Amino acid sequence: MGERILRAYGMTETFGYFKQQFHVYGVWIVAAKGLTPLPYKVVTISCGLTGMNIWLFTVASLVARGFRFFSFGSAFIALRPVDSKFDREKPAPYNLPVDC
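Residue numbers (my numbering): 120 to 219.
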């Protein structure tokens with residue numbers, strides 16, 4: 120069905136070029152997209168359409184998405200109020216005593 124759509128719009132050569140470029144730069148595209156907050160579904164569909172190696176996709180995704188979520192989590196912890204009224208009144212389960 121996808122091939123018929125590409126033929127109908129006259130984009131078979133354009134898709135061939137896209138597929139060639141995606142094979143060359145696919146890992147970098149996945150890694151760069153994994154760091155952005157935009158929807159990741161476009162890259163996953165593109166990887167499937169171009170037949171990208173599943174292991175390269177998996178490693179690039181894990182590294183990029185892991186770095187992104189770790190960065191946001193670290194920033195959240197670093198920028199939260201240290202001594203707020205909430206922490207003194209009802210400590211959360213993750214606020215363990217330092218000297219335990």
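Backbone N, C-alpha and C fix where the C-beta goes; we use that ideal spot for every residue, glycine too. Bear in mind the structure is a predicted one, so any value in this text is a computation, not a measurement.
Where do the ends of the alpha helix (DSSP H) carrying residue i lie?
| i | result |
| --- | --- |
| residue 187 | 173-198 |
| residue 155 | Premise fails: residue 155 is in no alpha helix (DSSP H) and is neither H nor E. |
| residue 129 | No alpha helix (DSSP H) contains residue 129, which DSSP labels as neither H nor E. |
With a threshold of 16 other CB atoms inside 10 Å of the CB of residue i, please say whether the residue is buried or exposed.
| i | result |
| --- | --- |
| residue 193 | exposed |
| residue 167 | exposed |
Work out the CA separation of residue j and residue i for me, nearest whole Å.
| i | j | result |
| --- | --- | --- |
| residue 133 | residue 197 | 46 Å |
| residue 162 | residue 127 | 24 Å |
| residue 125 | residue 195 | 45 Å |
| residue 191 | residue 136 | 36 Å |
| residue 153 | residue 171 | 16 Å |
| residue 122 | residue 140 | 19 Å |
In three-state DSSP terms, what is residue i?
| i | result |
| --- | --- |
| residue 170 | coil |
Would you grab the beta carbon distance between residue i and residue j for me? Rounded to a whole angstrom, and I think it's under 8 Å.
| i | j | result |
| --- | --- | --- |
| residue 180 | residue 143 | Incorrect: roughly 18 Å between the Cβ atoms, too far for contact. |
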